Amino acid sequence: MSAANSMKAMNACEGGESSKGNPMAKTMERMQRLKQLHMKRNEGSRLNHQEVVEEYKKSQLPKNFLKKKEWAEMKLEEEKKREEAKEKGEDYDRLRFLEIPADEAEKYESKKNNKKNGELRFSDYETATLRLYNRSIKNFKPDLVEYDRLKEEIGEEAFYADSNTLIHGLRKDPKASVDRMVEDLNKQLDRKSRRVKKRILDDEEDIDYINERNMKFNKKLERFYGQYTTEIKQNLERGTAV
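Here full-length UniProt numbering is used: the first residue of the sequence shown is 1, the next is one more, and so on.
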């Protein structure tokens, strides 16, 4: 065999060995890609599950919870600034109006005055209950130090608890707070008892009402239409009404 033929044979052998090694490399590359895809799929599933859990928690929150939470935090921040201004001997409202445009300050004052005037009018029982609550907490000064301490102690998840949060045993209401609540309730009952007029019932009077409000309404009807309904009532009592 000549030297040229020998070189061709060696090159052919090396080419065969190289072609046999390429499929293994391709297989390893495919396996590596599959592994990466599998990891990405698991990560995507985990993130999707986390988002579903977060959405479910949000759906279980009370109505307007986030807005109420933001409003409460804003009020606390305002109270802190008000206390700081008071310590410096400054008027917080005057300083606040200096930082906002004049038209917004006028809107704020107008809204504030309308709110005060609205408290004098009765619209419904829900509004009356809210007005009673606001009047009850008007003179109540929040303990910001205790607020921050409790928030740090039990954590935000338990502090802003929802229907799925277990908070039993995390804290106990101070006796002073309970006593203050009882005292306030007793004051409300005392005010109510002084306002309510004692009703004197006539034993011979016909009971044609279900409560005091209905009694007053029936008396008003009797005053205007009594002369027309007296005969109808008598016929109904005798059973001779057509």
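Where is the CB? At the ideal position from N, CA and C, for every residue including glycine. Model, not experiment: these values are computed from the prediction.
Quick one: Cα of residue i to Cα of residue j, how far?
i    : j    : result
T165 : M28  : 49 angstroms
K80  : R191 : 33 angstroms
D143 : K67  : 22 angstroms
L61  : E152 : 22 angstroms
I232 : E126 : 39 angstroms
N48  : L76  : 35 angstroms
K219 : Q227 : 13 angstroms
E146 : P174 : 11 angstroms
R135 : R180 : 15 angstroms
G155 : Q50  : 20 angstroms
Q32  : K26  : 10 angstroms
E14  : R30  : Bear in mind that the predicted position of E14 carries a pLDDT of just 48, short of 50, making it too unreliable to give a figure here.
G239 : Y209 : 21 angstroms
M39  : R131 : 57 angstroms
S177 : T230 : 58 angstroms
Looking only at its chain, what residues have a beta carbon closer than 6 angstroms to the beta carbon of residue i, apart from the 5 residues adjacent to it on each side?
i    : result
F140 : none
Helix, strand or coil: how does DSSP classify residue i here?
i    : result
G155 : helix
F65  : helix
E90  : coil
G239 : coil
R135 : helix
A161 : coil
L37  : helix
D148 : helix
L170 : coil
N211 : coil
D124 : coil
D190 : helix
K141 : coil
P101 : coil
Given residue i, which residues of its chain have a CB within under 8 angstroms of its CB, disregarding the five upstream and five downstream residues?
i    : result
D91  : A85
R223 : none
Measuring from the CB of residue i, is there a heavy atom of the ligand NAD at a distance below 8 angstroms?
i    : result
K187 : As far as ligands go, the structure on display features none, and thus does not contain the ligand NAD.
Tell me which residues share the same chain as residue i and place their Cβ nearer than 7 angstroms to its Cβ, disregarding the 5 neighbours each side in the sequence.
i    : result
S163 : Q60
R41  : none
L95  : A85
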